[in-house]
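Following numbering that gives the first Met the number 0, the numbering of the sequence shown begins with 0 at its first residue and continues without gaps.
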Amino acid sequence: MQWYQIRGYRDADSSAVRMLYSTGFREHAGNVYLLALKQAWTRAALCGIFFLIYLFFASFMGSIIGVGGFLLVVWVAVQYFFEQGIQLGLSEDLLDIRKSYMENDCPSCFWVAEVKGSIVGTVGILPCVEEPGAWELKRISVKKEFRGRGLAQALCKRALNFVAKYQGPVERLVLFTSVIQSDAQKLYDRIGFVKEKEFVWPSLPARLIDLKVFKYAHMIGGHANVK
Ligand SMILES: CC(C)(COP(=O)(O)OP(=O)(O)OC[C@H]1O[C@@H](n2cnc3c(N)ncnc32)[C@H](O)[C@@H]1OP(=O)(O)O)[C@@H](O)C(=O)NCCC(=O)NCCS
0 MQWYQIRGYR
10 DADSSAVRML
20 YSTGFREHAG
30 NVYLLALKQA
40 WTRAALCGIF
50 FLIYLFFASF
60 MGSIIGVGGF
70 LLVVWVAVQY
80 FFEQGIQLGL
90 SEDLLDIRKS
100 YMENDCPSCF
110 WVAEVKGSIV
120 GTVGILPCVE
130 EPGAWELKRI
140 SVKKEFRGRG
150 LAQALCKRAL
160 NFVAKYQGPV
170 ERLVLFTSVI
180 QSDAQKLYDR
190 IGFVKEKEFV
200 WPSLPARLID
210 LKVFKYAHMI
220 GGHANVK
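Right, dumping it as structure tokens:
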């Protein structure tokens, strides 16, 4: 018997789904911070702060404190923009999941994975705004304790089977992920998605840290390597 159950979304799942999304999103903050520190301007700023403080105050300790302060400011900025990103998701399709995914004119749906009455995974599909005529896989997330056991694959399989039924007018399922979501990239490669576009997210904070976004696509009716 399967240790999880995948079923359609119900209104009572709303807060658990929103919580899972927020937690899954937030856990990438550390990677974004590291990405920020890798940028040439960050390193230049760190060296500049160190040497300027040393030059003006002749204090090694002062330089260390200055560098620490700058690192703290970058960390706070990353946290701030992450919270903004989370709030954006929560105020868009996740604000009213039933309305966004299940009362749509086009075929779209939202599923949850349940274990002993708790929501431990989610996935949804919607018509893609960026590519009219295609579907978009969204909000794939699995609770940390339940990862590495094929649950995300099973959720994707459910979405792929759903869209396969509508083969014909819509032929592509696409999704967007980013350079910091390495687990997700491995998952998409494994189930037959192909990376077809790479771009820097068009916002100032994303440009500052060179946050690359990848667009993946899956031909509906093509083979998903999911059992
Ligand atoms: C990306 C994410 C959804 C993957 O969830 P997951 O349930 O761990 O994914 P899976 O278990 O299906 O696959 C992960 C690994 O477990 C392996 N695995 C272990 N047991 C398995 C089983 N019984 N069946 C299938 N795969 C199994 C898979 O082969 C895969 O191996 P890999 O490390 O070589 O890639 C999860 O890491 C997550 O929620 N991250 C945070 C949110 C996020 O970043 N979402 C992506 C948005 S674009």
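For each residue, glycine too, the CB sits at the ideal point set by N, CA and C.
Can you tell me the Cβ-Cβ gap for Arg157 and Ile5, rounded? I've got them flagged as a contact below 8 Å.
5 Å
In the DSSP assignment, find the alpha helix (DSSP H) that holds Val66 and state where it starts and stops.
59–90
Run the proximity test for Ile124: is its beta-carbon closer than 7 Å to any non-hydrogen atom belonging to ligand 1?
no
Given 8 Å, three or more beta-carbon pairs between the region 85–100 and the region 9–23
The region 85–100 vs the region 9–23: in contact.
Would Gly7 and Cys155 qualify as a contact pair, given that the criterion is a beta-carbon distance under 8 Å?
no
Using a Cβ-Cβ cutoff of less than 8 Å, which residues in the same chain neighbour Lys137 once the five nearest sequence positions on both sides are dropped?
Asp92, Val122, Gly123, Ile124, Leu125, Leu174
Distance, Cα to Cα, Asn160 vs Phe192?
Take the alpha-carbon of Asn160 and the one of Phe192: they are about 14 Å apart.
Using 7 Å as the cut-off, classify the Cβ of Asp182 as near or not near the heavy atoms of ligand 1, replying yes or no.
yes
How would you label Leu203, buried or exposed, when you count the other beta carbons within 10 angstroms and need 16 or more for buried?
exposed
Ala133 vs Leu172 beta-carbon contact at 8 Å:
yes
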